[in-house]
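Numbers given in this note's numbering equal positions in the sequence shown, counted from 1, plus 227.
The next block holds one structure in the form of structure tokens; read it before the comments.
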Amino acid sequence: MAKNDKVLLDGIIDDRVEERLPSSHRDEAFEYFSCEQILKDKDLSKDEIELGMVDGRDDGGIDGFFILVNGYFLTDLDSFSWPRSGSELEVFIITCKHHDTFKQATLDKLVASVTELFDFKLERESLESRYSDLVLKYRENLKLAYRKLSPRIELCSFLVYEE
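Right, dumping it as structure tokens:
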């Protein structure tokens, strides 16, 4: 990243920390900003962005996990209005690291996690020792959406971002 770009980005993050968006922690402000920018065309609310942030212990290197069905963020399976035709499924996996250099280990961890989490033959129980409940919840949501929408899916995309 160019020095001037870093100065600009640091200024934006400093403002977010002052505004407590989403908190006063610099790393959380950077993660929120990154997710917000990646998903800006999806028009998600602040609450939806925060719900999709899965960073924490046993996150598999994933900071954001967003599942969109026809542009709507899938969080609560019980209240979600499933489309009857013309389904689009988009999955965004985001990892955010606020440092000056590229770290291969970050990408290696993410690739291993994505490969494992998207293998739907693996049962949840076999993953519980390596991933948080929140990451596994979104994996189960994705698995259900994939199965439910498969007869009428027109577009299915998996997008992985390393910021």
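C-beta atoms are modelled at their ideal positions from N, C-alpha and C, and glycine is treated no differently.
Subject >> C383 - DSSP class collapsed to helix/strand/coil >> reply: strand
Subject >> Delimiting residues of the alpha helix (DSSP H) encompassing L295 >> reply: Annotation: L295 is outside any alpha helix (DSSP H); the continuous beta strand (DSSP E) that includes it extends over G291 to V296.
Original post:
Considering L363, what are the terminal residues of the alpha helix (DSSP H) in which it resides?
Top reply: D360 to L376
Subject >> Entirely enclosed alpha helix (DSSP H) segments - the stretch 320-346, minimum 4 residues >> reply: 331-344
**OP:** Could you name the residues that DSSP lists as bridge partners for Y299?
**Re:** V296
Subject >> Residues that DSSP places opposite S314 in a beta bridge >> reply: I380
Original post:
Based on Cα-Cα distance, which residue from R351, D346, S250 and E315 lies nearest to S384?
Top reply: E315
**OP:** Per DSSP, which residues does E389 bridge with? Please list them.
**Re:** Per DSSP, T322.
Original post:
Since C323 contacts E367 with CB under 8 angstroms, what's their CB separation in whole angstroms?
Top reply: Going by Cβ atoms, the distance from C323 to E367 rounds to 24 angstroms, so no, they are not a contact pair.
Original post:
Apart from the five residues on each side of it in sequence, which residues of its chain come closer than 8 angstroms, Cβ to Cβ, to R284?
Top reply: S359
Original post:
In its own chain, which residues sit with a C-beta less than 6 angstroms from the C-beta of Y259, not counting the 5 before and 5 after it?
Top reply: P249
Original post:
From I239 to S261, what distance separates their C-alpha atoms?
Top reply: 11 angstroms
**OP:** Leaving aside the five residues before and after S372 along the sequence, list all residues of the same chain whose C-beta is less than 7 angstroms from its C-beta, in chain order.
**Re:** One detail in the question is off: residue 372 reads as Ala in this sequence, not Ser. Closer than 7 angstroms at Cβ, skipping near neighbours: I294, V296, L301 and L316.
Original post:
For V362, is the classification buried or exposed, using 16 other Cβ atoms within 10 angstroms of its Cβ as the cut-off for buried?
Top reply: buried
Subject >> Proximity to L337 [Cα-Cα], best of K273, I320 and E245 >> reply: I320
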